[in-house]
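Enquirer: Residue 295 in the working numbering is what sits at position 283 of the sequence shown, and the numbering runs on without skipping anything. Note that CB positions come from ideal geometry on N, CA and C, so glycine has one too. Everything numeric in this text was worked out from a predicted model, so none of it was measured.
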Amino acid sequence: MSSMGLAAVAKALVAEGKGILAIDESTGTCQKRFDSIGIECTEQSRRDYRGMLLSTPGLGEHISGAILFDETLRQSSADGTPFVQLMTQAGILPGIKVDTGAHPLSGHPGEKVTEGLDGLRARLDEYHSLGAKFAKWRAVITMGENIPTSACIEANTHALARYAALSQEAGIVPIVEPEVLMDGTHSLDECYEVSEVTLRSLFNQLYDQNVLLEGAILKASMVISGSAAEHRANVQEVADATVQCLLNSVPAVLAGVVFLSGGQSDTEATAHLDAMNRSGGLPWPLSFSYGRALQSPSLKAWGENPAANVTAAQHKLVHRAKMNGLAATGSYEPALEAV
Ligand code: 13P
Numbered sequence: 013m014s015s016m017g018l019a020a021v022a023k024a025l026v027a028e029g030k031g032i033l034a035i036d037e038s039t040g041t042c043q044k045r046f047d048s049i050g051i052e053c054t055e056q057s058r059r060d061y062r063g064m065l066l067s068t069p070g071l072g073e074h075i076s077g078a079i080l081f082d083e084t085l086r087q088s089s090a091d092g093t094p095f096v097q098l099m100t101q102a103g104i105l106p107g108i109k110v111d112t113g114a115h116p117l118s119g120h121p122g123e124k125v126t127e128g129l130d131g132l133r134a135r136l137d138e139y140h141s142l143g144a145k146f147a148k149w150r151a152v153i154t155m156g157e158n159i160p161t162s163a164c165i166e167a168n169t170h171a172l173a174r175y176a177a178l179s180q181e182a183g184i185v186p187i188v189e190p191e192v193l194m195d196g197t198h199s200l201d202e203c204y205e206v207s208e209v210t211l212r213s214l215f216n217q218l219y220d221q222n223v224l225l226e227g228a229i230l231k232a233s234m235v236i237s238g239s240a241a242e243h244r245a246n247v248q249e250v251a252d253a254t255v256q257c258l259l260n261s262v263p264a265v266l267a268g269v270v271f272l273s274g275g276q277s278d279t280e281a282t283a284h285l286d287a288m289n290r291s292g293g294l295p296w297p298l299s300f301s302y303g304r305a306l307q308s309p310s311l312k313a314w315g316e317n318p319a320a321n322v323t324a325a326q327h328k329l330v331h332r333a334k335m336n337g338l339a340a341t342g343s344y345e346p347a348l349e350a351v
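Below, the structure is given as structure tokens:
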């Protein structure tokens with residue numbers, strides 16, 4: 013694929029009023045989600061659940077792409093239609109998570125580094141042949157006493173840039189995700205500092221590795237108070253700090269920025285995105301790539317009765333997609349939640 017192709021795909025992922033559905037939970041994380049609704053986590057139940065989400069009527073109206081796990085990219089719905097085909101018919105671009113998880117960073121207690129570079133070139137070629145148009149790699153930055161260290165930030169951003177270059181070589185748009193975790197008691201200002209240092213390091217590394225920014229997407233965590241902080245910043249404070257941090261560290265030529273929800277409630281994640289887009293005049297589209305904040309209501313409804321509640325669960329997914337689609341253009345109103 014030419015670089016024009018990469019830029020066109022990246023642009024489509026952040027098309028006006030659209031965002032990304034993240035359903036790329038590893039089997040271990042999926043197990044945790046299914047445990048919470050009392051459903052056994054098997055290859056079949058994961059297929060039924062994700063097939064239910066992907067076949068939601070009208071999903072393509074507000075969802076530009078979905079990030080899949082390796083297993084899901086190879087699965088088909090009960091009637092034998094491959095998920096990739098189902099998605100393509102619905103106008104939803106297939107994406108793939110390609111990292112192999114965050115592991116303890118040796119010599120740095122409490123910190124992690126994401127692995128998966130070994131053999132990545134061959135895996136990307138296969139994913140491309142299976143129909144993947146974009147990929148995702150998630151790095152985890154933990155905040156705490158004396159962490160993150162610059163060693164942790166640099167190891168992670170270097171890996172992100174190596175992954176991004178390999179993805180573009182394979183004709184796949186990279187989503188680079190350096191997640192600053194919300195866990196902890198840190199303040200909004202402390203989160204701002206760590207987020208800015210991390211993003212500056214990331215874009216330096218992307219520059220060093222010759223990554224084409226017009227054909228790449230940043231998946232960012234919001235600048236937000238720690239989940240256990242004594243005083244938690246309000247919606248406008250989070251929106252202002254996040255926009256300021258991005259303006260200070262993200263080149264204008266980047267195709268777009270999408271956010272993860274990271275443990276925020278579904279409506280909180282929507283309100284934050286909406287407040288950011290209301291400020292207007294930003295150099296890149298700001299949209300969503302939520303996992304939990306898109307799936308939670310749907311997962312709960314499905315878990316109550318997987319056979320009978322398919323339509324109800326799909327309705328809940330479409331609703332969240334629509335609310336976030338409005339937030340991506342700064343035209344969300346909380347009152348619409350009740351409609
Ligand atoms: P959350 O929105 O649940 O944080 O998940 C997004 C994601 O893909 C994390 O890598």
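Quick one: is Met335 buried, meaning 16 or more other Cβ sit within 10 Å of its Cβ, or exposed?
Expert: Taking the first residue of the sequence shown as position 1, residue 335 is located at position 323. Met335 is buried by the Cβ-count criterion.
Enquirer: Measure the C-alpha to C-alpha separation of Ala90 and Ile184 and round it to an integer number of angstroms.
Expert: Locating residue 90 in the sequence shown gives position 78, where the first residue counts as 1. Locating residue 184 in the sequence shown gives position 172, where the first residue counts as 1. Using only the alpha carbons, I get a separation of about 28 Å.
Enquirer: Provide the residue span of the alpha helix (DSSP H) that contains Tyr344, from first to last.
Expert: Looking up residue 344 in the sequence shown gives position 332. Looking at the DSSP string, Tyr344 is not in any alpha helix (DSSP H), and its letter there is neither H nor E.
Enquirer: Check whether the Cβ atoms of Val235 and Ala251 lie closer than 7 Å to each other.
Expert: For the purposes of this step, residue 235 is taken as residue 223 along the sequence shown, with counting starting at 1. For the purposes of this step, residue 251 is taken as residue 239 along the sequence shown, with counting starting at 1. No, Cβ-Cβ distance for Val235 and Ala251 is not below 7 Å.
Enquirer: Is Ser1 helix, strand or coil by DSSP?
Expert: Because the chain in this structure spans residues 13 to 351, residue 1 falls outside the shown range and cannot be described.
Enquirer: Under 6 Å: does the beta carbon of Arg304 sit that close to some heavy atom of ligand 1?
Expert: Position 292 of the sequence shown, counted from the first residue, corresponds to residue 304. Result yes, Cβ under 6 Å from ligand 1.
Enquirer: Does the distance between the C-beta of Ala34 and the nearest non-hydrogen atom of ligand 1 fall short of 6 Å?
Expert: For the purposes of this step, residue 34 is identified with residue 22 of the sequence shown, where counting begins at 1. Checking every heavy atom of ligand 1 against the Cβ of Ala34, one is found closer than 6 Å.
Enquirer: Using a Cβ-Cβ cutoff of less than 7 Å, which residues in the same chain neighbour Ala102 once the five nearest sequence positions on both sides are dropped?
Expert: Taking the sequence shown and counting its residues from 1, the one referred to as residue 102 is at position 90. Here the set comprises Leu71, Gly72.
Enquirer: Classify Arg45: buried if its beta carbon has 16 or more other beta carbons within 10 angstroms, exposed otherwise.
Expert: Your numbering for residue 45 matches position 33 in the sequence shown. That one is buried.
Enquirer: Between the segment 98-114 and the segment 81-88, can you find at least three pairs of beta-carbon atoms closer than 8 Å?
Expert: The answer is yes - the segment 98-114 touches the segment 81-88, with three or more Cβ pairs under 8 Å.
Enquirer: For Gly103, decide whether its Cβ has a neighbour in chain C, counting only Cβ atoms nearer than 7 Å.
Expert: Looking for chain C here will not work: only one protein chain is present.
Enquirer: When every heavy atom of ligand 1 is checked, does at least one fall within less than 6 Å of the C-beta of Gly196?
Expert: Taking the sequence shown and counting its residues from 1, the one referred to as residue 196 is at position 184. Gly196 Cβ: outside cutoff for every heavy atom of ligand 1.
Enquirer: Is Leu272 near ligand 1, in the sense that its beta carbon is under 6 Å from a heavy atom of that ligand?
Expert: Locating residue 272 in the sequence shown gives position 260, where the first residue counts as 1. For ligand 1, at least one heavy atom lies less than 6 Å from the Cβ of Leu272.
Enquirer: Please state the DSSP three-state secondary structure of Trp314.
Expert: Position 302 of the sequence shown, counted from the first residue, corresponds to residue 314. Three-state DSSP puts Trp314 in a helix.
Enquirer: Could you compute how far the alpha carbon of Gly337 sits from the alpha carbon of Leu65?
Expert: Mapped onto the sequence shown, residue 337 falls at position 325. Mapped onto the sequence shown, residue 65 falls at position 53. In a straight line, the C-alpha of Gly337 is about 17 Å away from that of Leu65.
Enquirer: Is the segment 202-219 close to the segment 253-267, with three or more CB pairs under 8 Å?
Expert: The segment 202-219, when compared against the segment 253-267, does touch it at the 8 Å Cβ threshold.
Enquirer: Using a threshold of 6 Å, is the CB atom of Arg45 nearer than that to any non-hydrogen atom of ligand 1?
Expert: Here residue 45 refers to the residue found at position 33 when the sequence shown is read from its first residue. It does not: the Cβ of Arg45 is nowhere closer than 6 Å to a heavy atom of ligand 1.
Enquirer: By DSSP, does Lys231 sit in helix, in strand, or in coil?
Expert: If you number the sequence shown from 1, residue 231 lands on position 219. Strand at Lys231.
Enquirer: If you check the beta carbons only, do Gly274 and Val26 fall under 7 Å apart?
Expert: Here the question's residue 274 lines up with position 262 in the sequence shown. Here the question's residue 26 lines up with position 14 in the sequence shown. No, the Cβ-Cβ distance between Gly274 and Val26 is not below 7 Å.
Enquirer: Counting along the chain, where does the beta strand (DSSP E) carrying Ser299 start and finish?
Expert: Indexing the sequence shown from 1 puts residue 299 at position 287. First-last of the beta strand (DSSP E) with Ser299: 298-302.
Enquirer: For Arg150, name the three-state secondary structure that DSSP assigns.
Expert: Residue 150 sits at position 138 when you count from the first residue of the sequence shown. Strand, per DSSP.
Enquirer: Between the beta-carbon of Pro295 and the beta-carbon of Ala264, is there less than 7 Å?
Expert: Against the sequence shown, residue 295 aligns to sequence position 283. Against the sequence shown, residue 264 aligns to sequence position 252. Yes, Cβ-Cβ distance for Pro295 and Ala264 is below 7 Å.
Enquirer: Quick check on DSSP: helix, strand or coil for Phe46?
Expert: Mapped onto the sequence shown, residue 46 falls at position 34. Note: Phe46 maps to helix in three-state DSSP.
Enquirer: Pro346 to Ser277, Cα distance in whole Å?
Expert: Indexing the sequence shown from 1 puts residue 346 at position 334. Indexing the sequence shown from 1 puts residue 277 at position 265. Whole-angstrom Cα-Cα distance: 14 Å.
Enquirer: Three or more C-beta pairs closer than 8 Å, one from the segment 147-167 and one from the segment 185-195: is that the case here?
Expert: Yes, the segment 147-167 touches the segment 185-195.
Enquirer: Can you look up Lys334 in the DSSP assignment and give me helix, strand or coil?
Expert: The count along the sequence shown starts at 1 and reaches residue 334 at position 322. Lys334 falls in the helix class under three-state DSSP.
Enquirer: Would you mind listing the beta strand (DSSP E) stretches within the segment 100-142 that are 3+ residues and don't spill past its ends, in chain order?
Expert: Segments of the beta strand (DSSP E) lying fully in the segment 100-142: 105-109, 114-116, 124-126.
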